Amino acid sequence: MITAGIDGGSRAVKAVVWDAAAGRVLGRALCDSGPDAAGVATACLAEACAAAGLARGDIARLTATGYARAVIPGADRRVTEITCHARGVTQLLPTARAVVEVGGQDSKVIRLDASGRVSDFAMNDRCAAGTGRFLEVVAERLGCGLAGFGALVAAACDPAAISSMCVVFAESEIIGLMAQGRRREDLAAGVVAAVAARVAALAGRGLPGPVAFTGGVARIPGFAAVLGAALGAEVIVPEAPQFTGALGAALLAVA
Amino acid sequence: MIVGIDLAHPAAAPLRRWHASGSLRLADLRFDPDPACIALWDFVLSEEDRLRAAQAAGGFIVGAMKDLGTVPVLVAAIPAARAFYPDGAWWLPCLQRHSGGQLAAADRLGIGESFCPVRALLGCYAAGSDFPTPDLDICAVGATCDDFSAVAQRLAGLGRDILWWELPAFREADPGEAVVALPDGQRAPLALAQAVERELERLRQALERATGATIDAAALARAVQAAETVRAQVRTIRQLALAAPAAPLPAVELLLVEILALHFCSDLERCRELLDRILALVQRRVAANEGVLPADAVRVLWLNPVADLRVLQWLEDDGGRLACTDFMTAQAMAPIPMDLPPLAALARTALCDRMIGSDRRRAALAVAEARTYGAEAVVVARIPGASHGCAEGPAMVRAVAGCGWPVAGIEVPTLADSAAGQIRSRLESLMETARARRTVQP
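Residue numbers (the working numbering), protein chains in the order written: chain P, 1 to 255; chain Y, 256 to 697.
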């Protein structure tokens, strides 16, 4: 059976096409979110199908997840990101006992039981603190964009202490620190440390490892190590971490 | 399955006048179609009318604050007096979709959004709207919410002569210290119970002076008996509703039932009649295994009340139901010991207030009760600004984390529409997690 999963996130839409019989990903695609969530999801799925060399009609079942899950057309099932990320991680990293996902709009910490199912979860408050959007705003202010953020972090010598987690106040704080002559690299590293601390606080004490780090933010070089130090646990970034939710959705479509 | 109705349904006609007079949120809510439930809603919404009529007829109106369930029993000993809770104003901005301006008025009085939404009562006092200005204000302080104390102090600063009384912080007995049994099965130091009893005696005397009435032992005993009758009704309804395999009452209606235990909605007789009707309805539905929600709904322990009632209906929409609640009203439902002098009995029920102890103790009591109802998941609702909801919320999440159930913390603003996506995503995730655990136990 060929299935697909679409993760309609706040910043990006991800689609994965899955071959259940072969147990492998056939194709995937990522598109920027837009005002027409249904249209973007449809286009993203078409792109993933094309990457797999398939047509939309070849998809037997489709699961939608993410904030846009309610409006993604043609879904046979709609499941929350918590369940989908857990399922995706269980497929990719069966030994993982927890998942940290830093998404565009929120951060999640998911605890998994021995069978890989969700035992408990926590999500950040409704502000942007500790989310991908927070990093995006900071990266913009530092003039590097998220793509260049990792390189800045890697070149840090003396990470700055960033005390504000409100995105507006943090931006002001960073402007102030830049005016004091602090290096961009140290500011970027300071922000990563601050977000990691925020996620660790969300996780609480005793988060079991290994911890799978998913979401687009996990691709920032060096972030996983900082997060591991903050959590006090081994942190592993699975392959294509931004697609974990969509993969989980595709896997759940099989059932 | 019994399907809820909206305001446009003919059966909901008695409620449309409240919508027309400003309770705009009613148009977004769903109602149990049974006439008893519609009457329950109507009774709660019409309290202002009863209070104003009573005051106009020369009755004495007491604004009781923060004790939630104790002072109204004392006041019930005076035939011409009625007590209500200005605290209840915290629901008005939601019901009126902010059109009443209570919170804006509180802002202007220096009590902004960093305080509990109960600050809406300041707006009501300032404008003389939504409830009549009480003839006497009585406010519990001590172990009650810090921000509520601030709100009440601001009210005092506006010239209200508030009669303060102390509800002390709960503590465990020291080794060898004399203890008393509380109606909720806990034990408390005798000294603590005696301190509360002394405070209640002080209130009794103050009420006598203010009203000119005599509140003797016989009058108190009658009031306590009447209050206990209401509490027993509420307890029975709640126990039946929470234990039933198919939920016989929706969450919001169950909340309204619990509210009646606080102060009888200013009409003890009508309150008892209504509760009789609701009890009969619940018994009928339970006997017929008839529910208002799917039988496989996830059973949820819900901690803290929500300012926006719609959130409780989102839980139901997303596949959940109430299995147990801590809406901060446990003390109002605690059985009043009838074998004790009235004030001693009332003091012991006041100490059943879970908010006067630590969040760990409160969580433990709620979890213990929830286990008896087969809870599968926990929702900790945080109230923005409220010391017992905002600051305590994360602590409560940690405190219940060891219970073995998945826990979701949600922050519920006065109008939750802007946070609907995030709140519902958490609730849906919680339902999925709890359902998955039905097949695989850790």
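From the three backbone atoms N, C-alpha and C, an ideal C-beta is built for every residue, glycine too. All values derive from a computational prediction rather than experimental measurement.
Counting contacts by CB-CB distance shorter than 8 Å, is S369(Y) in contact with chain P? For the purposes of this step, residue 369(Y) is identified with residue 114 of the second sequence, where counting begins at 1. It does not; no Cβ of chain P falls within 8 Å.
What residue range does the alpha helix (DSSP H) around E185(P) cover? Locating residue 185(P) in the first sequence gives position 185, counting from the first residue. Start and end: 184 to 203.
Can you give me the C-alpha to C-alpha distance between P241(P) and C44(P), rounded to a whole angstrom? Locating residue 241(P) in the first sequence gives position 241, where the first residue counts as 1. Locating residue 44(P) in the first sequence gives position 44, where the first residue counts as 1. P241(P) and C44(P): Cα-Cα distance of roughly 17 Å.
Within 8 Å of chain Y by C-beta, residues of the region 109 to 137 of chain P in sequence order: D113, A114, S115, R117, V118, S119, D120, F121, A122, M123, D125, R126
Give the straight-line distance between the Cα atoms of E427(Y) and R603(Y), rounded to the nearest whole angstrom. Along the second sequence, one-based indexing puts residue 427(Y) at 172. Along the second sequence, one-based indexing puts residue 603(Y) at 348. Going from the Cα of E427(Y) to the Cα of R603(Y) covers about 14 Å.
Is the beta carbon of L247(P) less than 8 Å from the beta carbon of G104(P)? Here residue 247(P) refers to the residue found at position 247 when the first sequence is read from its first residue. Here residue 104(P) refers to the residue found at position 104 when the first sequence is read from its first residue. No, they are not a contact pair.
Between the alpha carbons of P697(Y) and S613(Y), how many angstroms are there, rounded? Along the second sequence, one-based indexing puts residue 697(Y) at 442. Along the second sequence, one-based indexing puts residue 613(Y) at 358. Low per-residue confidence applies at P697(Y): pLDDT is 43, beneath 50, and the placement is therefore not dependable, though the value from the model is reported in the following sentence. A straight line joining the alpha-carbon of P697(Y) with that of S613(Y) spans about 29 Å.
Grouping DSSP H, G and I as helix and E and B as strand, with all else coil, what is A600(Y)? Reading the second sequence from its first residue, position 345 is the one you call residue 600(Y). If DSSP states are grouped into helix, strand and coil, A600(Y) belongs with the helices.
Can you tell me the Cα-Cα spacing of P348(Y) and V258(Y), whole angstroms? Here residue 348(Y) is taken as the residue at index 93 of the second sequence, counted from 1. Here residue 258(Y) is taken as the residue at index 3 of the second sequence, counted from 1. Looking at the two C-alpha atoms, the distance is approximately 28 Å.
Output the boundary residues of the alpha helix (DSSP H) element that contains C579(Y). Taking the first residue of the second sequence as 1, we reach residue 579(Y) at position 324. First-last for C579(Y): 575 to 581, but that is the beta strand (DSSP E), not the alpha helix (DSSP H).
Leaving out five residues on either side along the sequence, give the residues of the same chain with a beta carbon under 6 Å from the beta carbon of A461(Y). Position 206 of the second sequence, counted from the first residue, corresponds to residue 461(Y). L418, listed in sequence order.
Do you know offhand how far V328(Y)'s Cα is from L558(Y)'s? Working through the second sequence from its first residue, we reach residue 328(Y) at position 73. Working through the second sequence from its first residue, we reach residue 558(Y) at position 303. So the alpha carbons of these two residues sit roughly 25 Å apart.
At a Cβ threshold of 8 Å, is Q480(Y) touching chain P? In the second sequence, the residue the question calls residue 480(Y) occupies position 225. For Q480(Y), the answer is no, since every Cβ of chain P falls outside 8 Å of its Cβ.
When the cut-off is 8 Å and only beta carbons count, does P697(Y) lie next to chain P? Locating residue 697(Y) in the second sequence gives position 442, where the first residue counts as 1. With a pLDDT of only 43 at P697(Y), under the threshold of 50, the placement of this residue in the model should not be trusted, and no figure is reported.
Could you check where the alpha helix (DSSP H) with G444(Y) kicks off and where it finishes? As a first step, residue 444(Y) is located in the second sequence; it is residue number 189 there, counting from the start. The question names Gly, yet the displayed sequence has Pro at residue 444(Y). Residue range 442 to 444 is occupied by the beta strand (DSSP E) that includes P444(Y), with no alpha helix (DSSP H) assigned at that position.
Can you check whether the C-beta of G5(P) is within less than 8 Å of a C-beta belonging to chain Y? If you number the first sequence from 1, residue 5(P) lands on position 5. Closer than 8 Å: no.
Short Cβ contact (8 Å threshold) for L364(Y) with R415(Y): Indexing the second sequence from 1 puts residue 364(Y) at position 109. Indexing the second sequence from 1 puts residue 415(Y) at position 160. Going by C-beta atoms, L364(Y) is not nearer than 8 Å to R415(Y).
Tell me the DSSP secondary structure of G256(P) in three-state form. Given that chain P is displayed from residue 1 to residue 255, the structure contains no residue 256(P) and the question cannot be resolved.
Let me check one thing: in DSSP terms, what residues is S107(P) bridge-paired to? For the purposes of this step, residue 107(P) is identified with residue 107 of the first sequence, where counting begins at 1. DSSP lists V102(P) as partners of S107(P).
Name the residues in the region 433 to 462 of chain Y whose C-beta lies less than 7 Å from a C-beta of chain P; which are they? Within the region 433 to 462 of chain Y, no residue qualifies.
Do you know offhand how far V537(Y)'s Cα is from M256(Y)'s? The residue you call residue 537(Y) lines up with position 282 of the second sequence. The residue you call residue 256(Y) lines up with position 1 of the second sequence. If I take the Cα positions, the gap works out to 14 Å.
List, in order along the chain, the chain Y residues whose C-beta lies closer than 9 Å to that of I59(P)? Taking the first sequence and counting its residues from 1, the one referred to as residue 59(P) is at position 59. For the C-beta of I59(P), not a single chain Y residue is nearer than 9 Å; the gap to the nearest is close to 23 Å.
List the residues of chain Y that V79(P) touches, going by C-beta distances under 8 Å, in chain order. Position 79 of the first sequence, counting from 1, holds the residue named residue 79(P). Those within 8 Å of V79(P) in chain Y are E687.
Using a Cβ-Cβ cut-off of less than 8 Å, give me the residues of the region 625 to 656 of chain Y that come near chain P, in sequence order. V652, R653, A656
For A625(Y) and A197(P), I'd like the C-alpha separation in whole angstroms. Within the second sequence, residue 625(Y) is the residue found at index 370, counting from 1. Within the first sequence, residue 197(P) is the residue found at index 197, counting from 1. Distance between the alpha carbons of A625(Y) and A197(P) is about 33 Å.
Taking a cut of 7 Å between CB atoms, which residues from the region 70 to 94 of chain P lie near chain Y? Residues of the region 70 to 94 of chain P with a C-beta less than 7 Å from any C-beta of chain Y: V79, T80, I82, T83, listed in chain order.
Can you name the residues of chain Y whose CB is closer than 7 Å to the CB of G176(P)? As a first step, residue 176(P) is located in the first sequence; it is residue number 176 there, counting from the start. The premise fails here: G176(P) is roughly 25 Å from chain Y at the closest Cβ pair, so nothing lies under 7 Å.
For a quick check, are the C-beta atoms of A160(P) and R182(P) less than 8 Å apart? Along the first sequence, one-based indexing puts residue 160(P) at 160. Along the first sequence, one-based indexing puts residue 182(P) at 182. When the beta-carbon positions are compared, A160(P) and R182(P) come within less than 8 Å of each other.
Contact between the region 556 to 570 of chain Y and the region 487 to 503 of chain Y: three or more CB pairs below 8 Å? no
Check distances from the C-beta atoms of the region 189 to 204 of chain P to those of chain Y and list, in chain order, the residues that come in under 7 Å. Residues of the region 189 to 204 of chain P with a Cβ closer than 7 Å to any Cβ of chain Y, in chain order: G204.
Test item: CB-CB of L112(P) and E239(P) under 8 Å: Counting from 1 along the first sequence, the entry for residue 112(P) is found at position 112. Counting from 1 along the first sequence, the entry for residue 239(P) is found at position 239. Cβ distance not < 8 Å, so L112(P) and E239(P) don't count as in contact.
A151(P) bridges to which residues according to DSSP? Counting from 1 along the first sequence, the entry for residue 151(P) is found at position 151. None; A151(P) has no bridge partner.
Taking only the alpha-carbon atoms, compute the straight-line gap between N124(P) and T131(P) and give it to the nearest angstrom. As a working note, residue 124(P) is residue 124 in the first sequence. As a working note, residue 131(P) is residue 131 in the first sequence. Approximately 8 Å between the Cα atoms of the pair.
Would you call the CB atoms of A233(P) and L207(P) closer than 8 Å? Your numbering for residue 233(P) matches position 233 in the first sequence. Your numbering for residue 207(P) matches position 207 in the first sequence. Taking 8 Å as the Cβ cut-off, A233(P) and L207(P) qualify as a contacting pair.
Own chain partners of L358(Y) with C-beta closer than 6 Å, once the 5 adjacent residues on each side are dropped: Sequence index remark: in the second sequence, residue 358(Y) carries index 103 (1-based). So the qualifying residues of the chain are P348, A375.
Go through its chain and collect everything with a Cβ distance to D531(Y)'s Cβ below 8 Å, but skip five positions before and after it. What you label residue 531(Y) is simply residue 276 of the second sequence in a count that begins at 1. Once the five neighbours on either side are set aside, the close Cβ partners of D531(Y) are Q488.
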